[in-house]
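Contents: one structure, followed by commentary.
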Amino acid sequence: MRPRILMERLMARLDKLIGFMRRRKYLWLLVSFLLFFAGLDLLLVPPKNAGLEYVVLGLFFLIIGLLFALLILVPKEKLRIETKEGSLATALLNFLTVRGRLKPYFPVFGIVLLVVDILYNVYLSATPELLTHDTVVILFAVALIAYNFVPGRFGREKDFVFLFFAALVMILVVPLMLARALVGNFDEGVGIYSQYLLVPEVTGFLNLVGVNAWVLPAEDPLTIHFITQSGTEVWVYISTACSGIYSFGIFTSAFLAFILTEYNRIDKKVGLLMGLGILTAYVANILRMVIIVLVGFYTSTPGNELGFMMEAHSNAGWIIFLAWIALFWFLMYRFLMRSKEPVGEVPVEKPGVKCGICGDILKVDIPGIRCECGQFLHTECAIEAGKCPRCSAAFITQQNVAPEKVGF
1 MRPRILMERL MARLDKLIGF MRRRKYLWLL VSFLLFFAGL DLLLVPPKNA
51 GLEYVVLGLF FLIIGLLFAL LILVPKEKLR IETKEGSLAT ALLNFLTVRG
101 RLKPYFPVFG IVLLVVDILY NVYLSATPEL LTHDTVVILF AVALIAYNFV
151 PGRFGREKDF VFLFFAALVM ILVVPLMLAR ALVGNFDEGV GIYSQYLLVP
201 EVTGFLNLVG VNAWVLPAED PLTIHFITQS GTEVWVYIST ACSGIYSFGI
251 FTSAFLAFIL TEYNRIDKKV GLLMGLGILT AYVANILRMV IIVLVGFYTS
301 TPGNELGFMM EAHSNAGWII FLAWIALFWF LMYRFLMRSK EPVGEVPVEK
351 PGVKCGICGD ILKVDIPGIR CECGQFLHTE CAIEAGKCPR CSAAFITQQN
401 VAPEKVGF
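When the count follows our numbering, it moves up by one through the sequence shown with no breaks and lands on 408 for the last residue.
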């Protein structure tokens with residue numbers, strides 16, 4: 001069964017459930033409030049020696065209570081099916097929300113996301129303060145909550161913000177959570193990314209350009225060792241701040257959101273630029289680390305083993321990132337945006353008086369006439385049609401049509 005058909009059947013059953021609950025509105029509101037406050041009580045005042053299962057149960061009750069309340073209280077007109085055409089963002093959101101049926105529940109999804117993030121920090125994280133990944137999740141939750149309250153005239157802007165933070169969560173948060181679940185360590189950082197997608201590539205590139213570099217995977221897979229030009233062994237540890245994952249994620253998310261909100265289809269040129277942009281952003285991040293190591297390799301002295309590597313570390317990253325971003329967006333506007341017809345905008349028509357039959361503009365070198373009703377026509381079009389399209393006045397013969405030229 002196709003996923004779209006399955007989703008339509010599920011939504012049809014959901015409609016029946018909503019109708020059943022609204023016919024017994026006050027009973028189900030009472031049930032939803034009981035579930036909500038029971039879940040809240042389990043989360044805020046858990047039993048003694050309570051394990052993670054009480055947190056999961058409390059969160060389940062809380063979510064179900066909120067969903068029941070919204071199913072009952074959201075007006076039916078808010079659950080209308082959206083079929084409007086537009087950008088790729090519109091098509092994607094209509095598909096993910098079953099043609100708009102799930103959009104009224106965005107605030108619930110946002111609240112649930114906030115609660116899940118808070119509970120994760122309280123019960124699973126070793127550092128229960130709000131850090132970078134928490135900020136990304138919170139901003140996405142705010143985008144979900146505020147989505148339906150943004151005026152329709154800012155539809156493109158709100159779609160961009162929503163898709164930007166959604167992509168950022170999918171790039172920065174979801175892979176990290178999956179990796180932590182697989183290794184069974186919820187304190188694992190983005191070192192997993194650096195270990196497999198940054199350190200081997202940087203080490204290989206350094207050896208290609210003549211730098212003797214190596215990694216000891218069993219001891220420390222995030223540290224690159226190399227021999228400087230002065231013969232000193234230096235090591236570079238790639239921490240979270242040095243990995244470049246955040247700049248890569250921001251660029252990729254912004255670019256994907258831009259393409260989805262500005263285009264109504266992906267042709268070969270757009271697809272090529274999208275793939276090229278993501279690939280070169282990744283390569284630029286590797287190049288940044290290589291340049292930092294090369295600075296240390298060439299400027300190291302016996303009395304100063306690091307040379308100017310720390311200065312390069314402090315400045316090379318943002319310089320390379322900004323230079324790459326500027327170059328990429330310049331090339332995109334230069335070769336892609338000029339030929340693009342903006343979504344939702346009608347091309348500006350050329351000024352001039354048009355023939356009432358063929359629709360082309362009348363010119364001084366083509367014979368034309370003006371009917372008594374005021375309609376302008378090409379002489380040839382008037383003869384062929386035999387009558388005026390506006391007042392139906394007949395042009396009986398070619399002699400009845402004035403052969404003069406009319407210029408505009």
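Quick reminder that beta carbons are idealized off the backbone N, C-alpha and C, glycines included.
If you compare alpha carbons, which of Ala166, Gly65, Glu384 is closest to Cys258? In the sequence as displayed, the identity of residue 258 is Phe instead of Cys. Ranking Ala166, Gly65, Glu384 by Cα distance to Phe258 puts Ala166 first.
4 or more residues per run - each alpha helix (DSSP H) lying fully within the segment 257-316: 268-299
For Lys25 and Leu130, I'd like the C-alpha separation in whole angstroms. 39 Å
Classify Leu34 as buried or exposed, calling it buried when 16 or more other Cβ atoms lie within 10 Å of its own Cβ. exposed
Of the listed residues Ala393, Ile383, Val55, nearest to Cys373 (C-alpha basis): Ala393
Given that a residue counts as buried once 16 or more other Cβ atoms are within 10 Å of its Cβ, and exposed if not, what is Phe297? buried
Pro409, enclosing beta strand (DSSP E) - first and last residue: This structure cannot settle anything about residue 409, because the visible part of the chain is limited to 1 through 408.
Under 8 Å by Cβ, that's how I've got Leu176 and His133 pegged, so tell me the actual separation to the nearest angstrom. 7 Å
When you compare the segment 64-72 with the segment 231-240, are there three or more beta-carbon pairs, one atom per stretch, that lie closer than 8 Å? no
Which first and last residues belong to the beta strand (DSSP E) in which Val108 is found? Not the beta strand (DSSP E): Val108 falls in the alpha helix (DSSP H), residues 106-123.
Using the three-state DSSP reduction, which class does Leu63 fall into: helix, strand or coil? Sequence inspection shows Ile at residue 63; the Leu mentioned does not correspond to that position. Three-state DSSP puts Ile63 in a helix.
In three-state terms, what does DSSP make of Gly344? The pLDDT assigned to Gly344 is 47, lower than 50, so where the model puts this residue is not dependable; a value taken from the coordinates is nonetheless given after this. Here Gly344 sits in coil by DSSP.
What's the gap between the Cα of Leu216 and the Cα of Gln229? 21 Å
Leu409 vs Ala89 beta-carbon contact at 7 Å: Only positions 1 to 408 of the chain appear in the structure, and residue 409 is not among them; the question remains open.
Cut-off 6 Å between Cβ atoms - residues of its own chain near Phe61, not counting five sequence neighbours on either side: Leu35, Ala38, Gly39
The alpha helix (DSSP H) that contains Phe36, what's its start and end? 25-44
For my contact list, Asn212 and Ile227 are in at a C-beta cut-off of 8 Å; report their separation, rounded to the angstrom. 5 Å
Are there 16 or more other CB atoms within 10 angstroms of the CB of Thr83, so buried, or fewer, so exposed? Note that Thr83 has pLDDT 42, beneath the 50 cutoff, so the model's placement of it is unreliable and the number below is only indicative. Exposed, by the Cβ-count rule.
Distance, Cα to Cα, Leu327 vs Leu276? 13 Å
From Ser253 to Asp365, what distance separates their C-alpha atoms? 54 Å
Return the bridge partner residues of His133 from the DSSP annotation. DSSP lists no partner for His133.
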